[in-house]
Each structure stands twice: as structure tokens, then as C-alpha cells.
Amino acid sequence: EPEVTQTPSHQVTQMGQEVILRCVPISNHLYFYWYRQILGQKVEFLVSFYNNEISEKSEIFDDQFSVERPDGSNFTLKIRSTKLEDSAMYFCASSLDRGRVETQYFGPGTRLLVL
Amino acid sequence: AQSVTQPDIHITVSEGASLELRCNYSYGATPYLFWYVQSPGQGLQLLLKYFSGDTLVQGIKGFEAEFKRSQSSFNLRKPSVHWSDAAEYFCAVGAGLTGGGNKLTFGTGTQLKVEL
Chain A
1 EPEVTQTPSH QVTQMGQEVI LRCVPISNHL YFYWYRQILG QKVEFLVSFY NNEISEKSEI
61 FDDQFSVERP DGSNFTLKIR STKLEDSAMY FCASSLDRGR VETQYFGPGT RLLVL
Chain B
1001 AQSVTQPDIH ITVSEGASLE LRCNYSYGAT PYLFWYVQSP GQGLQLLLKY FSGDTLVQGI
1061 KGFEAEFKRS QSSFNLRKPS VHWSDAAEYF CAVGAGLTGG GNKLTFGTGT QLKVEL
């Protein structure tokens, strides 16, 4: 069964450093998403991406964040200058369509720790 | 804006017992509701979803959920829990196209422990 994969599973970085989180969505999917979950809090939407551009983003997704689909398979989330409060689990998801009830398939997450 | 509340942070049940996980939502239009499960080290797996029609929906792994508009609830149930059901369960609402687009808003999750 096709699945979304994410690398790395864990990342530790120093405050102020840049990190890139990588995701490989399901191959025929067209819509891609990033969510994050700060420990003990809700899973929160960050951004959705379609046709090589951002289709929607939350207020969390400020100028420190960017997304890219550098090739036909990877989908990346970059945090330019990490802050302590960026420590969280980051989930990538993909869907075939952006319909209201279209299932989003999630990856296992990358746990980011900023020291 | 839409929101989801899962009032129970932790629930412990005995194997073979019935289970009900509570979910309440707030959304101005017709909600599109989902239950996801996350096992340790795994991604969020969809259990079931509701968008219209029969208010009792069946999902994978023997789970079902009932949409009750009058109570703004979408509780997840299973008649007999198995030890492998121990995981974290998330309720989510998907915004309609005229509202928040295609994003999911999640609850804080309920951690299920199953005693043998």
C-alpha cells in the first residue's frame, strides 16, 4: 500500500540554525500539506501546496517557513532560523484532490527539537 | 472558525470491553468529520469519515462513529477493544470550500490504554 514517508524521523538543532524536513508524498497525489504538533497540544495546519505554489497557509506559517517541491517526488519544509518554540512533531500529508472530504494521508512525522 | 474538543486526554479500558471516545466540534456550516489513529512511530491513519447521509458511519478495524448534529458530537465507538487498539485517537473537522478550504482542524487527541 502506498504511503507518505518523512525524513529524518528525529532532528536536533541549535536555535538559529536552518532545518529542512523532507517528505515523499504518495506518487499520484496532487495536494501536499504540512501540519505540526507541539508536545501536548493540537495538531495544527501549517500550509497546503498545489501546482508548485502555496494554496493556503495559516498564521503560524510566517516568513521563517518555506515549502518547495524540488523534484517530482520530494516535498520539503524549510525553517530558516529555528526558534525554541519550533520544537514540535511535523507531519506531512498528501491527497489526490482538495475536495472537502478527500482523505489526507499522513506520514509518520519528524520530531524536531530546537536547543 | 472551526474547532474540535476531545474532553478525555487519557482513557483506560480492559480488553474486550466497549469503548467510546468523545468528540465535540464547532463549525458554522455542515461539518466534514474525521477520526484518525496514531500508533507509536506511525503516521495518522484514517479510521472513518462523515460528510453526509447516514449519521452512523463504519470504519476500519471495527470502529464506528455517530454524527449527532443536535449535540455537535461525533463520538467514536468500538464494541470490543483489542490490545492492539492502544494508540492515540484524533478527531478532526474539515472546512468546507467556502470557509477554510481544505485544511483539517484537529482535537488534542485521546490516548487509549488497553489493559489485558
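Chains as they are written, first to last, in my numbering: chain A, 1 to 115; chain B, 1001 to 1116. We put the CB at the ideal spot given by N, CA and C, even for glycine.
For A:Thr82, DSSP assigns no beta-bridge partner whatsoever. Nearest C-alpha to B:Gln1058 among B:Trp1035, B:Arg1069, B:Ser1018: B:Trp1035. Around the Cβ of B:Gly1016, a 10 Å sphere holds fewer than 16 other Cβ atoms; the residue is exposed.
Listed in chain order, the non-local C-beta contacts of B:Gln1111 below 6 Å within the same chain comprise His1010, Glu1088, local neighbours out to five positions each way being set aside. Rounded to whole angstroms, the separation of the alpha carbons of A:Arg69 and B:Ser1070 is 43 Å. If you ignore the 5 residues before and after B:Leu1104, its C-beta comes within less than 6 Å of the C-beta of Ala1092, Gly1094, all in its own chain and listed in chain order. Taking 7 Å as the upper bound on Cβ-Cβ separation, chain A lies near residues Tyr1032, Gly1041, Gln1042, Gly1043, Leu1044, Leu1046, Lys1049, Phe1051 of the region 1024 to 1056 of chain B. Along the region 4 to 19 of chain A, the positions whose C-beta sits under 7 Å from a C-beta of chain B are Val4, read in chain order.
The beta strand (DSSP E) runs of length 3 or more contained entirely in the region 1032 to 1104 of chain B are, from start to end of the chain, 1032 to 1038, 1044 to 1050, 1056 to 1058, 1064 to 1068, 1073 to 1078, 1087 to 1094. If the five residues before and after B:Arg1077 are omitted, its C-beta is found closer than 6 Å to the C-beta atoms of Glu1020, Glu1064, all from its own chain and listed in chain order.
Only buried fits A:Ser48, as 16 or more other CB atoms lie within 10 angstroms of its CB.
For B:Phe1106, at least one C-beta of chain A is nearer than 7 Å to its own C-beta. B:Gln1006 places its beta carbon 7 Å or farther from that of A:Pro108. When B:Ile1060, B:Pro1040, B:Gly1053, B:Leu1056 are compared, the shortest CA-CA separation from B:Leu1046 is found for B:Ile1060. Between the alpha carbons of A:Thr103 and B:Phe1051 lies a gap of roughly 12 Å.
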